[in-house]
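This report concerns only the one structure given below.
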Amino acid sequence: MKKLHEHRPMLMVLPALVAAVALTACGREEDDRTAGQRLDDGIAKMEQKSDQARQETRESMDAMGQKMDRAADKVSADASDASITTQIKTALAGDPKLSALDVKVDTDKGHVTLEGTAPDLAARERAGSMALAVKGVQSVNNRIKVNS
1 MKKLHEHRPM LMVLPALVAA VALTACGREE DDRTAGQRLD DGIAKMEQKS
51 DQARQETRES MDAMGQKMDR AADKVSADAS DASITTQIKT ALAGDPKLSA
101 LDVKVDTDKG HVTLEGTAPD LAARERAGSM ALAVKGVQSV NNRIKVNS
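Numbering-wise (the UniProt record's numbering), the sequence shown opens with residue 1 and increments by one.
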């Protein structure tokens, strides 16, 4: 019994020693490269990942820029339509036979629709001509009715 107690510390160390040797062998994977070569490979992989991330960032930025351009174009078109409508309403208000209150002006991407009433055919035609004369107007759909 005394002999078993003397070898007990050695028996406890032996499994740890075997495990350490096994782990060391598993980690090597038959790699004959030098530490410098392994470091160079690691750096090359990092550079590749960095290039990939940079490309993905560029693509995301391009997509975001395109969305912003489309939004800016829409805002610009809306502002332009509002300006066209205002100019037409101002011209109608300056005509003695037409009333800006009697004529509704709707503008969508430069296409104008006039609705409402006019006292005579000449006033109706003048309203269409005034609308067509405004810069930015693409077309005029004159739906103004003549009062009988």
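The beta carbon of each residue, even a glycine, is placed where N, CA and C say it ideally should be.
- request: Let me know if Leu114 comes out buried or exposed under the rule of 16 or more other beta-carbons within 10 Å of its beta-carbon.
  value: buried
- request: Tell me, to the nearest whole angstrom, how far the beta carbon of His111 is from that of Ser139; I am working on the premise that it is less than 8 Å.
  value: 5 Å
query: With DSSP run on the structure shown, which of helix, strand or coil describes Asp33?
result: First, the amino acid is wrong: residue 33 is Arg here, not Asp. Arg33 falls in the coil class under three-state DSSP.
- request: State the CB to CB distance for the pair Ala118 and Ile88, rounded to an integer number of angstroms; the pair is presumed to be in contact (CB under 8 Å).
  value: The pair is not a contact, with the Cβ atoms about 14 Å apart (cut-off 8 Å).
field: Exposure of Thr86, with buried meaning 16 or more beta-carbon neighbours within 10 Å
entry: exposed
- request: Give me the Cα-Cα distance between Gly36 and Ala44, rounded to the nearest whole angstrom.
  value: 12 Å
- prompt: Should Val146 be labelled buried (16 or more other beta-carbon atoms within 10 Å of its own) or exposed?
  reply: exposed
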